[in-house]
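Q:
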Amino acid sequence: MATFNSDKAAEIHRHLHSHLPSDPALRVKALESLVVERGLVASETIDRWVEAYAEHIGPKRGARVVARSWLDAGFRARLLENAAEAIKEFGFEGSATGHLRAVENTSDTHNMVVCTLCSCYPFSVLGMSPAWYKSSAYRARAVREPRSVLSEFGVDLGPDIAVRVWDSTAELRYIVIPQRPEGTDGWDEDALAAIVTRNSMIGTDRDLKAEAV
Ligand code: FE
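Sequential numbering of the sequence shown, starting at 116, is according to the working numbering.
1) Within 10 Å of its beta-carbon, does P274 have 16 or more other beta-carbons around it, so buried, or fewer, so exposed?
2) According to DSSP, simplified to helix, strand and coil, what is A277?
3) What I want to know is whether the C-beta of L307 ends up closer than 7 Å to one or more non-hydrogen atoms of the ligand FE.
4) Just how far apart, CA to CA, sit V229 and A257?
5) For R321, which of helix, strand or coil comes out of DSSP?
6) What residue does the alpha helix (DSSP H) around I161 start on, and which one ends it?
7) How do the region 306-318 and the region 274-293 stand: do at least 3 beta-carbon pairs fall below 8 Å, yes or no?
8) For T160, does the count of other Cβ atoms within 10 angstroms reach 16, so buried, or fall short, so exposed?
9) Can you list, in chain order, the residues of its chain whose CB lies under 8 Å from that of Y289, leaving out five sequence neighbours each side?
10) Can you tell me which of the three DSSP states M116 falls into?
11) Leaving out five residues before and five after P245 in sequence, what residues of the same chain have Cβ atoms less than 6 Å from its Cβ?
12) Check E204 in the structure and name its three-state DSSP category.
13) Would you identify the three-state DSSP class for T224, choosing helix, strand or coil?
14) Please determine whether the Cβ atom of S234 lies at a distance below 7 Å from any heavy atom of the ligand FE.
15) So who's on the other strand from D282, going by DSSP bridges?
16) Could you please give the first and the last residue of the uninterrupted alpha helix (DSSP H) stretch that includes A309?
17) Which term fits V156, buried or exposed, when burial requires 16 or more other beta carbons within 10 angstroms of its beta carbon?
18) How should G206 be labelled, buried or exposed, when 16 other C-beta atoms within 10 angstroms of its C-beta is the threshold for buried?
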């Protein structure tokens with residue numbers, strides 16, 4: 116007689132899901148098909164837009180902003196005061212960062228960003244948002260149990276480190292300024308920017324590695 120094996124069932128469940136696109140992916144595909152079919156936009160335009168945000172804009176722009184904040188105390192102060200204005204020093208502007216706030220990690224504070232309502236994200240500086248950022252699980256759990264979520268990303272915070280979770284809106288988006296790692300004295304802005312990860316600017320990564328890339 117066949118017996119029920121919960122581990123086996125869970126494995127089959129995971130396997131089935133791994134072959135299905137996530138809900139946001141399906142919705143995007145359906146929307147893309149419709150706008151292309153109705154002649155509202157050419158699929159080449161969509162490809163170019165995606166390439167620009169994935170390859171040229173983000174998260175490299177955000178990494179440069181962070182690197183400069185590590186090197187230039189004046190810029191850091193301007194960034195924390197009004198990030199949307201400060202990033203104009205790089206020529207970075209965009210509707211997604213018309214109102215941008217920078218929040219800094221310190222030895223006793225960790226910042227993490229979410230959009231509980233939908234998926235607001237500062238794509239003018241971080242490029243395309245990752246799929247997990249848009250998932251309902253992240254959006255719900257980031258505010259309910261941020262330490263557990265962080266732990267799943269490999270960030271284990273001691274009880275002495277406070278966690279601040281920032282809920283984005285279409286009007287106000289956030290970028291986390293991670294701490295500059297030890298062992299990077301004398302590095303220039305390009306070298307520093309290269310070690311800044313996208314997740315560290317969302318807050319799901321904390322301790323950056325001082326390894327030249
Ligand atoms: Fe949103």
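For each residue, glycine too, the CB sits at the ideal point set by N, CA and C.
From a predicted model like this one, the values you see are computed outputs, not experimental measurements.
A: The short version:
1) Here residue 274 is taken as the residue at index 159 of the sequence shown, counted from 1. By the neighbour-count rule (16 or more Cβ atoms within 10 Å), P274 is not buried but exposed.
2) Stepping through the sequence shown from its first residue, residue 277 is reached at position 162. Looking at A277 - three-state DSSP - the assignment turns out to be strand.
3) Start at 1 with the first residue of the sequence shown, and residue 307 comes out as number 192. No, Cβ of L307 sits at least 7 Å from all heavy atoms of the ligand FE.
4) On the sequence shown, position 114 is the one that residue 229 refers to. On the sequence shown, position 142 is the one that residue 257 refers to. Approximately 7 Å, taken between the alpha carbons.
5) Residue 321 sits at position 206 when you count from the first residue of the sequence shown. R321: coil per DSSP, three-state reduction.
6) Taking the first residue of the sequence shown as 1, we reach residue 161 at position 46. Residues S158 to E166.
7) Touching, per the Cβ criterion.
8) Stepping through the sequence shown from its first residue, residue 160 is reached at position 45. For T160, the number of other beta carbons within 10 angstroms of its own is below 16, and it is reported as exposed.
9) Working through the sequence shown from its first residue, we reach residue 289 at position 174. Within the same chain, Y289 has close Cβ partners L215, R216, A217, V218, N226, V228, P237, W281 and S283.
10) On the sequence shown, residue 116 is found 1 positions in, with the first residue counted as 1. Only weak support is given to the placement of M116: the predicted model assigns it a pLDDT of 47, under 50, and the value that follows is read from those uncertain coordinates. Three-state DSSP puts M116 in coil, outside helix and strand.
11) Translated into the one-based positions of the sequence shown, residue 245 becomes position 130. If we look at P245 and ignore the five residues flanking it on each side, it has no Cβ neighbours.
12) Looking up residue 204 in the sequence shown gives position 89. Three-state DSSP puts E204 in a helix.
13) Position 109 of the sequence shown, counted from the start, is the residue given in the question as residue 224. Note: T224 maps to strand in three-state DSSP.
14) What you label residue 234 is simply residue 119 of the sequence shown in a count that begins at 1. For the ligand FE, at least one heavy atom lies less than 7 Å from the Cβ of S234.
15) Within the sequence shown, numbered from 1, the residue matching residue 282 stands at position 167. According to DSSP, D282 bridges with V229.
16) Here residue 309 refers to the residue found at position 194 of the sequence shown. Counting along the chain, the alpha helix (DSSP H) containing A309 begins and ends at E304 to A309.
17) Against the sequence shown, residue 156 aligns to sequence position 41. So V156 ends up on the exposed side.
18) Reading the sequence shown from its first residue, position 91 is the one you call residue 206. Answer is exposed; the Cβ neighbour count stays below 16.
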